[in-house]
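Peer 1: Input: one structure, supplied below.
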């Protein structure tokens, strides 16, 4: 199963980006904007269908909006998201993983690495 | 058109049930034919098959116990049939619950003049999925067209928040019911109520007080030489009578200093005995104190989990019949250093909150009338209830074509009091508008919707009005228990974490373990859905299963085939699941909602014996390690096993409820023991964490992307914190994240897939489909020779899907057919 979405979550699915709000917005702003977006998505309005993130435009869904509202209602979680949302956007799109030929291979992966990384076969 | 909205809420309780209505401004309790807002959850079926409900039935509970049933809520979701001897009929628990709901529905009709078609029904926060499903079924049987289920503590909180003016800060809802205890930590800010977390004990309630009094009364009888045994079926009638007398004495002691427990004409061992003893309040408080202390310990655990310090609460709301007892109110208030909220009725608060929530959910109780369309049809989206004073109304024309005069190009919303109008707003290119509206606080606000065509002439719109109630609202209700899919490895693929906002939907791609031939009658791929907080599936409760049978397959399914499984939960926690198999383009949707398993006393007894054996080993080990915390937890286990033993004895005496209680207690005991084992494994876990840190630091540094490196720093700190705090569950969680980041970076090493491939290829002889696995190995070798890393990755991932799971793991993983 892919874990990709989890890895990129702090950037792409940041609740502030999903709701189109700034990190200094109030709690009332979160509720108001979230409710408005849910209404717009409920009526399938194109203007609500995507949002901009540092990783480029992304699809906005009702589930994402609800999750974003829930995350920003929780003070502790909100702090973490504020950190990510206040990072300056990358000047260029994120780089793809380094190609093997552009850097030295480094130490060969050892058999013990499987266990240390928690690999299981099922 | 009716001006005031009507919302109905129902508290379907174990002992009593209540209905309430809300008109957007005030909540009113619904009175039954006897004039009481409280209807006992008791059903009687007489010899002629006549059904009576409530107080009329309750009168026969003692004199005609075989035909009068109570406390059936505790059996909801089980296959336990309840027999009515005189009529010679059997009823399922949800059928009896439906009788109570039908009676309450009729009470609403008699009082308000409307037979409600929709309502909100409360359920305990820790109800399992089969139990919530049975509650929905009961509502359907009672004639409701649509219901939403709401967790009881949220309902109480909503009602308390609506009533109490001072709404700021953190507060507790302490809900002690007849058989369950729930506590919720809430926070109110800016008119929005948020459930921070909840906890509870499924086996703690007013019944524990009753049984403590019964045991005390039995001990008094023993002084007269009369031996009454709760486990003896021959004594069941006597015990029932004593319990009724004990309940009455307990209620009387809320006001008086002493009360009599009188049960004349008990037949014990062939002789008659009149029980008549006096219980004073001090003795009652002593008898009840252990159960109250247990509830307070649960509250402390919840506060600690959310970092709320002693004295950090603004108030506690006490709910449920047993919380009326002065000793409960005093001990809770003193020990948690928080004043109780005054002026709230603990018996009806849940129903009131359910009615308010019906407004939040836009669940108007009146049956939908079919009315002719009165203008250009508009789809509208707005909150039926809003804490915000300026929420948005979003609208869109259903039809944008037609005679130019009948198509609106501008809209306006105006409040019915004439004090606020929106500007005229042009519709956008999708025929839509988004308008903020201004609400009058704590009132139902009616807005009229007006339209103008391109020539500036009025166009009628349908609907012509909409209503928004301003007041305290609840954020999306949180899921009370984690839900996931049991895998063949006995791991759980978590779909929704506890606390996730509802409704929710999520899809993951799983892979089949075995192949299933098309048409094979007995071959089935089982996808078990489990609920619980543990990483291992066998410790979680099986709450449903989706089965893909060979008979229904259009084509043979290879092992390792992809299954895209979507699980969806509605606001009340009801679940639906859907499995798409892309390879053959087939969809499976029928989820078997499992019943709560039968609890056979013999099976329970053998589980207790096995658990005691395990307990002995762990205790020896804990003493050797001088692990005080483990020793304490094992003492708790021992005490719980003693309780289970008593319940099994009661189950042998015919008490089906006690059998279910014992079954659930054994699952909780299993989890407690698992915690101790985790503790025992601490040195190993700690070593794993240190090693993972060493390995992953290098990989993430060399091959991680910048955001991964930042996240890694945070995770490494969290790992250290969990190690310092010696918190095995948290360490496991952080370790998973650490390994994921490490694996992700490791995967970018040029030789990573070569090594993963070689590791998998070494085990090819054990594959579920050896021929296919060998072909994949050949393909992999070719990719390796060509230096095609991408092809090698694809081959290795396919190969993994063919490698076997250990049979023992699979058995524990509820016979899961996916990984």
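Chains as they are written, first to last, in the numbering used here: chain A, 1 to 122; chain B, 123 to 941.
Even for Gly, the Cβ is constructed at its ideal location relative to N, Cα and C.
1) DSSP three-state label for residue 566 (chain B), please.
2) Could you tell me the alpha carbon to alpha carbon distance between residue 142 (chain B) and residue 774 (chain B), rounded to whole angstroms?
3) In whole angstroms, what is the alpha-carbon distance linking residue 433 (chain B) and residue 131 (chain B)?
4) Taking the beta carbon of residue 805 (chain B) as the centre, do at least 16 other beta carbons fall within 10 Å, making it buried, or is it exposed?
5) Please confirm if the segment 496–506 of chain B is in contact with the segment 578–591 of chain B, defined as three or more CB-CB distances below 8 Å between the two stretches.
6) Mark residue 546 (chain B) as exposed unless 16 or more other C-beta atoms lie within 10 angstroms of its C-beta, in which case mark it buried.
7) Anything in the segment 500–528 of chain B with a Cβ closer than 8 Å to a Cβ of chain A? List those residues in chain order, please.
8) For the structure I just gave you, are there three or more beta carbon pairs, one from the segment 629–640 of chain B and one from the segment 515–523 of chain B, closer than 8 Å?
9) Give, in chain order, every residue of the segment 551–571 of chain B whose Cβ lies closer than 7 Å to some Cβ of chain A.
10) I want to verify the contact list: residues of chain A whose CB lies under 9 Å from the CB of residue 950 (chain B), in sequence order.
11) Please report the straight-line C-alpha distance between residue 12 (chain A) and residue 827 (chain B), rounded to a whole angstrom.
12) Taking the CB atoms as reference points, tell me whether residue 167 (chain B) and residue 208 (chain B) lie closer together than 9 Å.
13) For the segment 290–337 of chain B, which segments carrying the beta strand (DSSP E) assignment without a break, of at least 3 residues, lie completely within its bounds, in sequence order?
14) Hey, is residue 13 (chain A)'s beta-carbon within less than 9 Å of any beta-carbon in chain B?
15) Which first and last residues belong to the alpha helix (DSSP H) in which residue 537 (chain B) is found?
16) Does the contact criterion of 3 or more C-beta pairs under 8 Å hold for the segment 204–220 of chain B versus the segment 442–457 of chain B?
17) Are the beta-carbon atoms of residue 282 (chain B) and residue 439 (chain B) separated by less than 9 Å?
18) Could you tell me whether the segment 363–381 of chain B touches the segment 292–309 of chain B, using the rule of 3 or more Cβ pairs below 8 Å?
19) Flag this pair as yes or no: are the beta carbons of residue 743 (chain B) and residue 802 (chain B) separated by less than 9 Å?
20) Counting beta carbon pairs with one atom in the segment 684–691 of chain B and one in the segment 806–816 of chain B, are three or more of them shorter than 8 Å?
21) According to DSSP, residue 728 (chain B) sits in a beta bridge with which residue or residues?
22) Answer with yes or no whether the minimum CB distance from residue 598 (chain B) to chain A is below 9 Å.
23) So, with DSSP's three-state summary, where would you put residue 633 (chain B)?
24) In the segment 621–645 of chain B, which residues sit with their C-beta less than 7 Å from some C-beta in chain A, listed in chain order?
25) Give the secondary structure of residue 675 (chain B) by DSSP, where H, G and I count as helix, E and B as strand, and everything else as coil.
26) Could you check which residue in B:737, B:222, B:126, B:476 has the C-alpha nearest to that of residue 136 (chain B)?
27) Answer yes if the segment 239–246 of chain B comes into contact with the segment 144–153 of chain B, meaning at least three C-beta pairs across the two stretches below 8 Å, and no otherwise.
28) Helix, strand or coil for residue 382 (chain B)? Go by DSSP, reduced to three states.
29) For residue 424 (chain B), decide whether its Cβ has a neighbour in chain A, counting only Cβ atoms nearer than 9 Å.
30) Taking only runs that begin and end inside the segment 364–435 of chain B, name each unbroken beta strand (DSSP E) of 3 or more residues, in chain order.
31) Within this structure, are the beta carbons of residue 506 (chain B) and residue 596 (chain B) separated by less than 9 Å?
32) Can you tell me whether DSSP reads residue 491 (chain B) as helix, strand or coil?
33) Using only CA atoms, which one of B:680, B:829, B:772, B:919 lies nearest to residue 890 (chain B)?
34) Using a Cβ-Cβ cutoff of less than 7 Å, which residues in the same chain neighbour residue 755 (chain B) once the five nearest sequence positions on both sides are dropped?
35) Any idea what DSSP makes of residue 800 (chain B), helix, strand or coil?
36) Distance, Cα to Cα, residue 531 (chain B) vs residue 556 (chain B)?
Peer 2: So, to answer that:
1) As a working note, residue 566 (chain B) is residue 444 in the second chain. Reduced to three states, the DSSP call for residue 566 (chain B) is strand.
2) As a working mapping, residue 142 (chain B) is identified with position 20 in the second chain. As a working mapping, residue 774 (chain B) is identified with position 652 in the second chain. Taking the straight line from one Cα to the other gives about 40 Å.
3) As a first step, residue 433 (chain B) is located in the second chain; it is residue number 311 there, counting from the start. As a first step, residue 131 (chain B) is located in the second chain; it is residue number 9 there, counting from the start. Spanning the two alpha carbons is a distance of roughly 33 Å.
4) Along the second chain, one-based indexing puts residue 805 (chain B) at 683. By the neighbour-count rule (16 or more Cβ atoms within 10 Å), residue 805 (chain B) is not buried but exposed.
5) yes
6) Position 424 of the second chain, counted from the start, is the residue given in the question as residue 546 (chain B). Residue 546 (chain B) is exposed by the Cβ-count criterion.
7) 501, 503, 504, 505, 508, 509, 510, 512, 513, 514, 515, 516, 517, 518
8) no
9) 552, 554, 556
10) This structure cannot speak to residue 950 (chain B), because chain B is shown only from 123 to 941.
11) Here residue 12 (chain A) refers to the residue found at position 12 when the first chain is read from its first residue. Here residue 827 (chain B) refers to the residue found at position 705 when the second chain is read from its first residue. Cα-Cα distance, rounded: 14 Å.
12) Reading the second chain from its first residue, position 45 is the one you call residue 167 (chain B). Reading the second chain from its first residue, position 86 is the one you call residue 208 (chain B). For residue 167 (chain B) and residue 208 (chain B), yes; Cβs fall inside 9 Å.
13) 291–298, 303–311, 314–323
14) Sequence index remark: in the first chain, residue 13 (chain A) carries index 13 (1-based). It does not: the Cβ of residue 13 (chain A) has no partner Cβ on chain B nearer than 9 Å.
15) Here residue 537 (chain B) refers to the residue found at position 415 when the second chain is read from its first residue. Looking at the DSSP string, residue 537 (chain B) is not in any alpha helix (DSSP H); the run it does join, the beta strand (DSSP E), is 532–537.
16) no
17) As a first step, residue 282 (chain B) must be located in the second chain, where it is residue number 160. As a first step, residue 439 (chain B) must be located in the second chain, where it is residue number 317. Their beta carbons are under 9 Å apart, which means residue 282 (chain B) touches residue 439 (chain B) by this criterion.
18) no
19) Start at 1 with the first residue of the second chain, and residue 743 (chain B) comes out as number 621. Start at 1 with the first residue of the second chain, and residue 802 (chain B) comes out as number 680. Cβ distance < 9 Å, so residue 743 (chain B) and residue 802 (chain B) count as in contact.
20) no
21) Within the second chain, residue 728 (chain B) is the residue found at index 606, counting from 1. Answer by DSSP bridge pairing: none, since residue 728 (chain B) is not bridged.
22) Within the second chain, residue 598 (chain B) is the residue found at index 476, counting from 1. Yes, contact with chain A.
23) Taking the first residue of the second chain as 1, we reach residue 633 (chain B) at position 511. Reduced to three states, the DSSP call for residue 633 (chain B) is strand.
24) 623, 626, 627, 630, 631
25) As a first step, residue 675 (chain B) must be located in the second chain, where it is residue number 553. Correct three-state label for residue 675 (chain B): coil.
26) If you number the second chain from 1, residue 136 (chain B) lands on position 14. Residue B:222 is the option with its Cα nearest to residue 136 (chain B).
27) no
28) For this step, residue 382 (chain B) is matched to residue 260 along the second chain. Three-state result, residue 382 (chain B): strand.
29) By 1-based counting over the second chain, the position of residue 424 (chain B) is 302. Judged by the 9 Å Cβ criterion, residue 424 (chain B) is not in contact with chain A.
30) 380–390, 393–402
31) As a position in the second chain, residue 506 (chain B) is number 384, starting the count at 1. As a position in the second chain, residue 596 (chain B) is number 474, starting the count at 1. Not closer than 9 Å, so no.
32) Position 369 of the second chain holds residue 491 (chain B). Reduced to three states, the DSSP call for residue 491 (chain B) is coil.
33) Within the second chain, the letter at position 768 stands for residue 890 (chain B). Looking at the Cα atoms, B:680 is the closest of the given residues.
34) Locating residue 755 (chain B) in the second chain gives position 633, where the first residue counts as 1. The answer, listed in chain order, is 794, 797, 798.
35) Here the question's residue 800 (chain B) lines up with position 678 in the second chain. Correct three-state label for residue 800 (chain B): helix.
36) Taking the first residue of the second chain as 1, we reach residue 531 (chain B) at position 409. Taking the first residue of the second chain as 1, we reach residue 556 (chain B) at position 434. Their Cα atoms are separated by approximately 14 Å.
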